[in-house]
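To convert, note that position 129 of the sequence shown is 129 in full-length UniProt numbering; the numbers rise steadily by one, no gaps.
Positions of the beta carbon are idealized from the N, C-alpha and C atoms, including for glycine.
These notes concern the structure reproduced below.
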Amino acid sequence: MQDRTHLVDEITGHRRMRRNRKADWTRRLVQENRLTVDDLIWPIFIVPGSGIIDPIPAMPGVNRLSIDKAVEAAREAAGLGIPALATFPNIEMELRDETGSNSLEANNLINQATAAIKKAVPDIGIITDVALDPFTSHGHDGILRGGEIVNDETVDQVARAAVMQADAGADIIAPSEMMDGRIGAIRMALDAAGHQSVGIMSYATKFASAFYGPYREAISTGGLLKGDKKTYYIDPANGTEAIRDAALDVKEGADMLMVKPGLPYLDICWRMKEAFGLPTFAYQVSGEYTQIKAAAMNGWIDGERAMLETLLSFKRAGCDGVLTYFAVEVAKILAKR
Numbered sequence: 001m002q003d004r005t006h007l008v009d010e011i012t013g014h015r016r017m018r019r020n021r022k023a024d025w026t027r028r029l030v031q032e033n034r035l036t037v038d039d040l041i042w043p044i045f046i047v048p049g050s051g052i053i054d055p056i057p058a059m060p061g062v063n064r065l066s067i068d069k070a071v072e073a074a075r076e077a078a079g080l081g082i083p084a085l086a087t088f089p090n091i092e093m094e095l096r097d098e099t100g101s102n103s104l105e106a107n108n109l110i111n112q113a114t115a116a117i118k119k120a121v122p123d124i125g126i127i128t129d130v131a132l133d134p135f136t137s138h139g140h141d142g143i144l145r146g147g148e149i150v151n152d153e154t155v156d157q158v159a160r161a162a163v164m165q166a167d168a169g170a171d172i173i174a175p176s177e178m179m180d181g182r183i184g185a186i187r188m189a190l191d192a193a194g195h196q197s198v199g200i201m202s203y204a205t206k207f208a209s210a211f212y213g214p215y216r217e218a219i220s221t222g223g224l225l226k227g228d229k230k231t232y233y234i235d236p237a238n239g240t241e242a243i244r245d246a247a248l249d250v251k252e253g254a255d256m257l258m259v260k261p262g263l264p265y266l267d268i269c270w271r272m273k274e275a276f277g278l279p280t281f282a283y284q285v286s287g288e289y290t291q292i293k294a295a296a297m298n299g300w301i302d303g304e305r306a307m308l309e310t311l312l313s314f315k316r317a318g319c320d321g322v323l324t325y326f327a328v329e330v331a332k333i334l335a336k337r
C-alpha cells in the first residue's frame, strides 16, 4: 500500500485537531460548554404606577416596568424556563434622602414588586439587592456622613432591609454595596428573623468600572452621584484583592458569589470558581449589553452571535449562570433549537 503520510502528519505527530471539527455532529459531540436557559437570571427595573412600560434610551430593548407589567414579565420568563429575576427599583425622587431611609419601608416599591410577583408566579426565583443607591439622594450605595460613605451604619441598615425583603418573599438577597462585614451581618439578621432558607448571593467582586453608566440611567442615579465609588468598589487593576474580598464573603456565609462586571473580568470568574467552588455568577452589566446592542443596530457586528458568544464565555470561565438583560431574547433562541 502506498504510504500517504504527509509532512503535516510528521510535524503534528499524527495529531490533527481538525478531526473533531470536521462535521456538525462531531463538533456537538465534543463541545465542552453549553449555554442553556437554566443559566439565565433576568434583571428588571421597577417603577411606581400601573400600566407602565418605559423604554430606557441607553439600553435598547430594556424597559422600566410598573409592578403589574413586571408580573406579566415574570410570567413570560417562567414560561420560557428562566429560573430567576433580579429586581431593581426606580423610586420617586421625593422619597430619596441622605440615608436611603425608604429602603426600610416594609411596603416600599421593591418589596411590593416581590410580593406581587411571588403571588402570581410562585415558582420563579426573586433576587433582591439591598444596596442603598436607588434610595439615596446622592446616588451612593451607602449612607453619606461628612463626605464619607460610612461602613458600619450602612451595614446595620442593609441588614434590616434584607430582613424586610425576605419578609416580602425574596428568595435570595444579593447585597451589592460592598461594605465590609455585610455578608455576615445579613446572614445573622436573616437567621434571627427565621429566614434560614433565604440565600445570599454576594457581589463578591464588584469593580469600580466604567461599564455601569446605562444602569444608573435606568434607576435614575447617574445625575445624582456625588464623586465616585472608588472608596468601596474594587480597583479594576486588582485581581488578588478581589479574591481576598471574595474569601471574606465566603467565610461570612455567602451561598453564591458574583463577579460584576462580567466580560472584562473573566479571569476573576475563573479564579473565584477555582478557589472556592461555590456557585459563581457573572453580571453582564448594562454597558456590556449596550455595546453589543449599539454595534448590532449599526450593522457593525452580528448581534445574536456576539450575544451568545459572550454568554458562552462566562460558562467557559467557570460560571454557573449569568445575570443578563439578554435573558428573554436568549431563552427564545434556545427554545427553537
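Rounded C-beta distance between residue i and residue j? I'm assuming under 8 Å.
i	j	result
glycine 287	glycine 227	At roughly 20 Å, the Cβ-Cβ gap does not stay under 8 Å, so glycine 287 and glycine 227 are not in contact.
alanine 218	arginine 64	7 Å
aspartate 38	alanine 78	Not confirmed; about 13 Å, so no contact.
alanine 84	valine 130	That belief does not hold up - the Cβ atoms of alanine 84 and valine 130 are roughly 17 Å apart, past 8 Å.
alanine 86	alanine 192	The Cβ separation is near 25 Å, so there is no contact.
glutamine 157	isoleucine 110	With 8 Å as the limit, glutamine 157 and isoleucine 110 do not qualify as a contact, their Cβ atoms being about 14 Å apart.
methionine 201	isoleucine 172	5 Å
alanine 254	alanine 204	7 Å
valine 62	isoleucine 53	Not quite, the Cβ-Cβ distance comes to about 11 Å (not below 8 Å), so this is no contact.
arginine 337	asparagine 33	So it is not a contact: roughly 15 Å between Cβ atoms.
asparagine 90	isoleucine 46	7 Å
So, with DSSP's three-state summary, where would you put residue i?
i	result
isoleucine 117	helix
tyrosine 203	strand
lysine 293	helix
lysine 260	strand
phenylalanine 276	helix
proline 236	coil
tryptophan 300	coil
leucine 311	helix
tyrosine 283	strand
isoleucine 333	helix
isoleucine 44	strand
leucine 266	helix
leucine 323	strand
valine 8	helix
alanine 306	helix
valine 30	coil
lysine 22	coil
aspartate 38	helix
aspartate 249	helix
alanine 254	coil
arginine 15	coil
Where residue i and residue j are concerned, what is the direct C-alpha to C-alpha distance, given to the nearest angstrom?
i	j	result
residue 342	serine 137	The structure shown has nothing for residue 342, since the chain only spans 1 to 337.
aspartate 235	phenylalanine 281	19 Å
arginine 19	arginine 271	32 Å
serine 101	valine 150	15 Å
alanine 185	alanine 168	19 Å
residue 338	alanine 335	One cannot answer for residue 338 here, as it falls past the ends of the chain, which runs 1 to 337.
leucine 311	arginine 4	43 Å
tyrosine 233	alanine 106	28 Å
serine 209	alanine 242	13 Å
lysine 206	serine 50	33 Å
glycine 303	isoleucine 333	13 Å
proline 261	aspartate 267	12 Å
isoleucine 117	valine 71	5 Å
glycine 318	glycine 125	22 Å
isoleucine 67	leucine 323	20 Å
glutamate 274	glutamine 2	50 Å
lysine 293	proline 60	7 Å
isoleucine 143	arginine 27	53 Å
valine 250	threonine 240	15 Å
lysine 22	valine 30	12 Å
glycine 194	glutamate 98	30 Å
tyrosine 325	leucine 104	27 Å
Count the other CB atoms, across all protein chains shown, that sit within 10 Å of the CB of residue i; report buried if there are 16 or more and exposed otherwise.
i	result
glycine 139	buried
residue 345	This structure cannot settle anything about residue 345, because the visible part of the chain is limited to 1 through 337.
threonine 290	buried
valine 121	buried
histidine 6	exposed
glutamate 177	buried
threonine 231	exposed
aspartate 9	exposed
tryptophan 300	exposed
aspartate 133	buried
leucine 278	buried
arginine 96	buried
isoleucine 11	exposed
aspartate 24	exposed
Is there a Cβ of chain C sitting closer than 7 Å to that of residue i, yes or no?
i	result
glycine 81	Within the model displayed, chain C is absent; a lone protein chain is all it includes.
Could you pull out every unbroken beta strand (DSSP E) segment of at least 3 residues lying fully inside the segment 115 to 178, listed in chain order? 125 to 128, 143 to 145, 148 to 150
At 3 residues or longer, what runs of the beta strand (DSSP E) sit wholly inside the segment 48 to 122? 53 to 55, 63 to 65, 84 to 89
In chain order, what are the residue ranges of uninterrupted alpha helix (DSSP H) at least 4 long that sit wholly in the segment 183 to 231? 213 to 218
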